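These notes are about the structure you will find just below.
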């Protein structure tokens, strides 16, 4: 607060209002050098920090009491400056915001590049190696990759394996993941790989303007034998592939938001059984990337960023619950078909 009254009367003005010198509404303290209401304070802050340029609109009508046109941003900003609101008081804050913006931009470029590489590996390479999750986390290079023949028809089982593998490799390349103990890595990857590979498939479908998730090759994501098992009741299978896509389309989640959500969801410090050091590493990274997502939402949705980030973060419970439902479907299938063999990476990720 910036009081401009004598010490003896300061307490009175703390609890009494005076007219805002910009718009005439109730004001309780000085902001940036003038007595203003909170609305005019935030208007001035946004206008200066975002470098807004306004043009006067006489059609808004002139309000004699304030000396400006009603709802005219140009008149309002001019009045703010005339009554003594000082842009220099925002200079330090502007420097800090510019630094945040640059850091966010650099981070987004890196995450988008990493995810594009992940998608390229999924679509262009192939492997017949059948290694379990622990082996791949220990050394992903043990999986021998070959360029996929475009004419080769990849089965749903193989797409699932390749999706899980490409996502595992994606996260293993982050420096903070390399710092985790091997035991912590296994816990984190076992918990996350199915829901996050599922999330990636949903986002791919959204970007393709589809309303139902298929494999990258255009087939059902479910093995034919599993489809046959549920042929009399397809609803559980179809719901998992359609309902979340509708929500992504409704929210119009961007690639930038997806990349940040993906890593925020991965960095779950509350997983049971993690070492203290592992939990602290994930907690630090979770806060860092959440701050990036919050800043991104503030920039893209300045008037509704709180609702935006709430909607985005609520999607985590959706993919966790749906991944758990998918595990249940696969477990029930194996109970009826115990001789059916999945890739070991699928078994580990689905907890089969």
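Residue numbers (UniProt numbering): 1 to 352. Note that CB positions come from ideal geometry on N, CA and C, so glycine has one too. All values reported here derive from a predicted model rather than from experimental measurement.
If I measure Cβ to Cβ from residue i and keep anything under 6 Å in the same chain, skipping five residues before and after, which residues do I get?
{"i": "residue 279", "result": "269"}
{"i": "residue 145", "result": "125, 127"}
{"i": "residue 289", "result": "260, 263, 264"}
{"i": "residue 1", "result": "In this prediction, residue 1 has a pLDDT of 42, which is less than 50 and means its spatial position is unreliable; what the coordinates show is noted afterwards. Cβ neighbours of residue 1 beyond the five flanking positions: 29."}
{"i": "residue 108", "result": "256"}
{"i": "residue 177", "result": "171"}
Leaving aside the five residues before and after residue i along the sequence, list all residues of the same chain whose C-beta is less than 8 Å from its C-beta, in chain order.
{"i": "residue 181", "result": "275, 277, 278"}
{"i": "residue 326", "result": "194, 198, 240, 350"}
{"i": "residue 309", "result": "293, 294, 297"}
{"i": "residue 190", "result": "133, 348, 349, 351"}
{"i": "residue 212", "result": "205, 238, 241, 242, 245"}
Identify whether residue i lies in helix, strand or coil by the three-state DSSP scheme.
{"i": "residue 29", "result": "strand"}
{"i": "residue 244", "result": "helix"}
{"i": "residue 205", "result": "helix"}
{"i": "residue 338", "result": "coil"}
{"i": "residue 181", "result": "coil"}
{"i": "residue 14", "result": "Since pLDDT at residue 14 reaches only 49, below the 50 mark, its modelled position is unreliable, and the value read off the structure follows with that caveat. Residue 14 falls in the helix class under three-state DSSP."}
{"i": "residue 303", "result": "coil"}
{"i": "residue 154", "result": "coil"}
{"i": "residue 222", "result": "coil"}
{"i": "residue 343", "result": "coil"}
{"i": "residue 119", "result": "helix"}
Strictly by DSSP, which residues pair up with residue i?
{"i": "residue 146", "result": "126"}
{"i": "residue 91", "result": "Beta-bridge pairing links residue 91 to no other residue."}
{"i": "residue 19", "result": "26"}
{"i": "residue 36", "result": "29"}
Can you round the beta-carbon distance between residue i and residue j to whole angstroms, since I take them to be within the 8 Å contact cut?
{"i": "residue 32", "j": "residue 89", "result": "5 Å"}
{"i": "residue 27", "j": "residue 35", "result": "5 Å"}
{"i": "residue 131", "j": "residue 345", "result": "7 Å"}
{"i": "residue 21", "j": "residue 76", "result": "Not really, about 12 Å apart at Cβ, beyond 8 Å."}
{"i": "residue 217", "j": "residue 138", "result": "Rounded, the Cβ-Cβ distance is 29 Å, inconsistent with contact."}
{"i": "residue 281", "j": "residue 173", "result": "No, residue 281 and residue 173 are not in contact; Cβ-Cβ is about 16 Å, not under 8 Å."}
{"i": "residue 206", "j": "residue 245", "result": "6 Å"}
{"i": "residue 312", "j": "residue 229", "result": "Contact doesn't hold; Cβ gap of about 35 Å is too wide."}
{"i": "residue 163", "j": "residue 122", "result": "6 Å"}
{"i": "residue 49", "j": "residue 104", "result": "That belief does not hold up - the Cβ atoms of residue 49 and residue 104 are roughly 15 Å apart, past 8 Å."}
{"i": "residue 186", "j": "residue 165", "result": "In fact, because the Cβ distance is near 15 Å, the residues do not count as touching under 8 Å."}
{"i": "residue 40", "j": "residue 80", "result": "7 Å"}
Would you mind sorting residue i into buried or exposed? The rule is 16 or more other CB atoms within 10 Å of its CB.
{"i": "residue 188", "result": "buried"}
{"i": "residue 234", "result": "exposed"}
{"i": "residue 339", "result": "exposed"}
{"i": "residue 223", "result": "buried"}
{"i": "residue 82", "result": "exposed"}
{"i": "residue 184", "result": "buried"}
{"i": "residue 170", "result": "buried"}
{"i": "residue 18", "result": "exposed"}
{"i": "residue 156", "result": "buried"}
{"i": "residue 42", "result": "exposed"}
{"i": "residue 353", "result": "Here the chain covers residues 1 to 352 and nothing more, so residue 353 does not appear."}
{"i": "residue 322", "result": "buried"}
Excluding the five sequence neighbours on either side, which residues of its own chain have a C-beta within less than 7 Å of the C-beta of residue i, listed in chain order?
{"i": "residue 255", "result": "112"}
{"i": "residue 196", "result": "167, 262, 265, 266"}
{"i": "residue 100", "result": "295"}
With a cut-off of 7 Å, does the C-beta of residue i fall near any C-beta of chain D?
{"i": "residue 283", "result": "Protein chains in the displayed structure number just one, and chain D is not present."}
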